[in-house]
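All remarks here apply to the structure that follows.
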Amino acid sequence: MSLAALPRENQTAALVTTYLEMRSPDELRPKRCADARFQIREQTQRDWRFNRDLYFRVGERWDWIDKRPWTEARWEEYAAAPELRTFAAYYDDALAGYYELRCDSEGGVEVAYFGLLPQFIGRGLGGALLTSAIEQAWRISPKRVWVHTCNRDHPQALANYQARGMLVYKVGRER
Numbered sequence: 308m309s310l311a312a313l314p315r316e317n318q319t320a321a322l323v324t325t326y327l328e329m330r331s332p333d334e335l336r337p338k339r340c341a342d343a344r345f346q347i348r349e350q351t352q353r354d355w356r357f358n359r360d361l362y363f364r365v366g367e368r369w370d371w372i373d374k375r376p377w378t379e380a381r382w383e384e385y386a387a388a389p390e391l392r393t394f395a396a397y398y399d400d401a402l403a404g405y406y407e408l409r410c411d412s413e414g415g416v417e418v419a420y421f422g423l424l425p426q427f428i429g430r431g432l433g434g435a436l437l438t439s440a441i442e443q444a445w446r447i448s449p450k451r452v453w454v455h456t457c458n459r460d461h462p463q464a465l466a467n468y469q470a471r472g473m474l475v476y477k478v479g480r481e482r
């Protein structure tokens, strides 16, 4: 879930959340990054501070708020959950972004959080990062891969999900 990109002054509008899914790995329309300086690696050493810090650093621009009040203990519990996997993107060995995959109770894998750090937005890396997230999710052999985004997300988030082959299955509105 990336809650992100309307300018803050526009965030008083109704929240529109769009849910997308992919039901087969054959539906993926990948976007690759030819730049060898861009690499994505799984964080095999679980560290709740990494998840917390990336959540705040990526989400700050988009006013991500759902985990802001969490205590350190809650972050520790979250990052240690066996159903969660975290991947980090690097550009020239500098941290560029991340994504989290979460196995749900219905046999699906959610792209739970996904985003780039501000200095890496606009460089054409988002499609490659999302391609990696979807490919990694399918390696878990789920029934589906899904994500939700909203009108506060990056202006190209929904288009990126759709360009990779994800299909809208639900739209919710709330004031």
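Going letter by letter, the sequence shown gives residues 308 to 482 in the numbering used here. For every residue, glycine included, the Cβ atom is placed at its ideal position computed from N, Cα and C. Quantities reported herein were computed from a predicted structural model and do not represent experimental measurements.
Taken atom to atom, the span from the alpha-carbon of C410 to that of R430 is near 30 angstroms.
The C-beta distance from T325 to V452 rounds to 15 angstroms, too long to meet the 8 angstroms contact threshold. Checking the DSSP bridge columns, you'll see C340 has no partner listed. The Cβ atoms of L423 and L402 lie no closer than 8 angstroms to each other. Every unbroken stretch of the alpha helix (DSSP H) spanning 4 or more residues and falling wholly within the stretch 438-476 is given here in chain order: 464-470. For the pair of segments examined, the stretch 376-388 was found to touch the stretch 348-367: the number of CB pairs separated by less than 8 angstroms reaches three. The beta carbons of P376 and T438 sit no closer together than 8 angstroms. Q350 sits close to A395, with the two beta carbons spaced by under 8 angstroms. Distance check between E417 and each of T378, I347, R368, I441 places I441 closest, using alpha-carbon atoms only.
Cβ-Cβ distances below 6 angstroms link I347 to F394, A396, S439 in the same chain, with the five nearest sequence neighbours on each side left out; the list follows chain order.
Note that the C-beta distance between Y405 and V365 is below 8 angstroms.
Taking the CA atoms as reference points, I372 sits about 34 angstroms from D333. The three-state reading of DSSP puts E481 in strand, counting E and B together.
Per DSSP, R375 lies in no alpha helix (DSSP H) and is assigned neither H nor E. Taking a contact as a CB-CB distance under 8 angstroms, the pair E407 and L391 counts as one, their CB atoms being some 6 angstroms apart. Our two residues, A321 and Q463, have alpha carbons roughly 19 angstroms apart in a direct line.
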